[in-house]
Amino acid sequence: HADEAMYSAKREGRNNFQFYEISPEQAQQHDVLLKTRLRHAEGNGELRVFYQPQVDAASEDIVGMEALVRWEHPELGPISPGVFIPLAEETGLIVSLGAWVLRTACRQAREWEDKYGLGLRLGVNLSAVQLMEPDLLDTVSAALAESGLDPRLLELEVTESISIKAVPNLVENLHGLHRLGCRIAIDDFGTGAASLDYLRKLPADRIKIDQSFVRNIGIDPDDEAIVRATIDMAHRLKRGVVAEGVEIEQHLKFLRANHCDELQGYLFCRPLPHPSFDRLLAERQRLLAEPQANVA
Ligand code: C2E
Ligand code: MG
Ligand code: MG
Ligand code: MG
Numbered sequence: 550h551a552d553e554a555m556y557s558a559k560r561e562g563r564n565n566f567q568f569y570e571i572s573p574e575q576a577q578q579h580d581v582l583l584k585t586r587l588r589h590a591e592g593n594g595e596l597r598v599f600y601q602p603q604v605d606a607a608s609e610d611i612v613g614m615e616a617l618v619r620w621e622h623p624e625l626g627p628i629s630p631g632v633f634i635p636l637a638e639e640t641g642l643i644v645s646l647g648a649w650v651l652r653t654a655c656r657q658a659r660e661w662e663d664k665y666g667l668g669l670r671l672g673v674n675l676s677a678v679q680l681m682e683p684d685l686l687d688t689v690s691a692a693l694a695e696s697g698l699d700p701r702l703l704e705l706e707v708t709e710s711i712s713i714k715a716v717p718n719l720v721e722n723l724h725g726l727h728r729l730g731c732r733i734a735i736d737d738f739g740t741g742a743a744s745l746d747y748l749r750k751l752p753a754d755r756i757k758i759d760q761s762f763v764r765n766i767g768i769d770p771d772d773e774a775i776v777r778a779t780i781d782m783a784h785r786l787k788r789g790v791v792a793e794g795v796e797i798e799q800h801l802k803f804l805r806a807n808h809c810d811e812l813q814g815y816l817f818c819r820p821l822p823h824p825s826f827d828r829l830l831a832e833r834q835r836l837l838a839e840p841q842a843n844v845a
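For the sequence shown, the UniProt record's numbering begins at 550 and goes up steadily by one.
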C-alpha cells in the first residue's frame, strides 16, 4: 500500500527515502497533502489524546501518565505523531494543536482526580515552537483554570532537541511555568547536542532518559554506563529521573537496581485511549480496596 510505504519512510527519517519506492518529490507532495488535512483535523474531531502510565520503579504503582496526541484521518488512516508533529511545527499549527492537547488532557486528568483521587501527575509535551510563543503562559494558565487541575500535577515535557540559543524565551517561559506551580521535565535526555548545557541552564525538575539508551540495556555496556551515570547525575542534582521505552523485564531489573525513580514503557502499558485508561484506574482502585486476604 503506497500510503503505508510513505508513512514508514517518513517514520524512519527524512533521509531514508532511498529504501522505499518513493521519490523525495512524492514525499514532499505528501507532506503538502498532510499539512492541508492537518489544518482541519482538530475541527473535524480527528484528534485524540492517549495516555501512557508512568510507574514507580520500586512498587510499579501508577504515579502519573503522559498525554500523547493521535491523529486518525478518515481516508488516510492513523498518522504517527513522529510524522505529523514536525509538519504541525513547520506550519505553526502546533500552537493550536498543542493548546488543544493541553486543554483536553488537563480536563481529563481533573476528571480522574475527582473520580479516583490518586494525585496522578500529567505529562504534556511542548514543542519548541510553543515554547517561543509569548502566549505560552496564558495558554497553560487557561487550561489549568478551565479544568481546575492542580498545577502541581501538571508536568511540561521539553524535548532536548531544542537549542537554548534558538529559543530566546525558553528559559523565561520555563521559569514562568514554575511560577504557575507546574513542573518541567527534559524529554529524550541524552540525544541532543547539549544535554549537559540543558541540565545546567534549564530549571528542570526531572529528566526522561531517552528510549534509545534503555533499548540497549543488556546489549551495549556503554549505553548501560550512560544510563547509570545519568541516573546518578540526576540524583546528585536533586532531580527526578524517568526511563522511557521500558519494554522487557531485563530493562526493569537494571533500572531498579540502579535506582531510577520512575518507568514508562510497553512492559507496563501502551498508550491507551481514555476509556481504557479509565478502566485501568478503576481496576487499580478495586484491587486496592480488596481485603488483604487475597494478597497472601
Ligand atoms: P516522546 O514524548 O518521547 O513520547 C514517548 C514515545 O515513545 C511515544 O511515541 C510512546 O508511544 C513511545 N513509547 C512508549 N513506550 C514505549 C516502549 O516501550 N517502546 C517503544 N518503542 N516506544 C514507546 P508517540 O506517541 O508515537 O510519540 C512520538 C513523539 O511525538 C513523542 O515522543 C513526542 O515527542 C511527540 N508528541 C506526541 N504527542 C505530542 C503532543 O501532544 N505535543 C507535542 N509537541 N509532541 C507530541
Ligand atoms: Mg514526552
Ligand atoms: Mg520527544
Ligand atoms: Mg521521549
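Glycine is no exception: its CB is placed at the ideal position from the N, C-alpha and C atoms.
- Non-local beta-carbon contacts of Ala743 in its own chain, meaning distances under 6 Å to residues more than five positions away in sequence, are absent.
- Comparing C-alpha distances from Gly789 to each of Glu796, Arg597, Asp781 shows the shortest one belongs to Asp781.
- Just measuring C-alpha positions, the residue of Asp737, Leu729, Leu751, Ala692 sitting nearest Asn718 is Leu751.
- Of the other Cβ atoms in all chains shown, 16 or more fall within 10 Å of the Cβ of Ser696; this residue is therefore buried.
- Straight across, the Cα-Cα distance linking Gln813 with Gln601 is about 7 Å.
- A residue is called buried once 16 or more other Cβ atoms fall within 10 Å of its Cβ, and Lys664, having fewer, is exposed.
- Taking all protein chains shown into account, Asn593 has fewer than 16 neighbouring C-beta atoms within 10 Å of its C-beta and is therefore exposed.
- Rounded to the nearest whole angstrom, the CA to CA distance from Asp610 to Val604 is 5 Å.
- The continuous stretches of beta strand (DSSP E) do not include Glu695, which lies in the alpha helix (DSSP H) extending over residues 685–696.
- Its Cα nearest to that of Glu624, the residue Glu595 stands out among Val612, Glu595, Glu704, Leu646.
- Counting the other CB atoms within 10 Å of its CB gives Val791 a total of 16 or more, which places it among the buried residues.
- Partner residues in the beta bridge of Asn674, as assigned by DSSP, are Glu706.
- For the set Ala774, Ser761, Leu685, the Cα lying nearest the Cα of Gly794 is the one of Ser761.
- Scanning the region 607–642 for uninterrupted alpha helix (DSSP H) segments of 4 residues or longer gives 630–640, listed from N- to C-terminal end.
- Sixteen is the threshold: since fewer than 16 other Cβ atoms of the shown chains lie within 10 Å of the Cβ of Tyr815, the residue is exposed.
- With contacts defined as CB atoms closer than 8 Å, Leu617 and Phe633 fail to qualify as a contacting pair.
- Look at which beta carbons fall closer than 5 Å to any heavy atom of ligand 2; those residues are Asn674, Glu706, Asp736.
- The closest CA to that of Leu726, considering only Thr740, Glu709, Pro700, is found on Pro700.
- In this structure, Ala658 places its C-beta atom within 8 Å of the C-beta atom of Leu669.
- Distances from the CB of Pro824 to the heavy atoms of ligand 1 are all 7 Å or more.
- Nearest in C-alpha terms to Ala648, of all of Leu705, Arg586, Leu583, Leu786, is Leu705.
- Non-local beta-carbon contacts of Phe817 in its own chain, meaning distances under 8 Å to residues more than five positions away in sequence, involve Pro602, Val604, Glu609, Val795 in chain order.
- The DSSP-derived three-state label of Lys664 is helix.
- Among the bridge pairs identified by DSSP, Arg732 is matched with Glu704.
- The way I'd put it, the region 754–769 does touch the region 726–738; three or more beta-carbon pairs between them come closer than 8 Å.
- In the DSSP assignment, Lys757 falls within the unbroken beta strand (DSSP E) covering 755–758.
- Distances taken from the Cβ of Val689 to the heavy atoms of ligand 1 include none shorter than 7 Å.
- Following the DSSP letters along the chain, one finds Val604 inside the beta strand (DSSP E) bounded by residues 596–605.
- Rounded to whole angstroms, the gap between the alpha carbons of Glu721 and Arg777 is 31 Å.
- Pro820 has its Cβ nearer than 7 Å to a heavy atom of ligand 1.
- Glu811 has Asp605, Val791 as its beta-bridge partners, per DSSP.
- Nearest neighbour of His784 by Cα position, chosen from Glu682, Thr640, Cys809, turns out to be Cys809.
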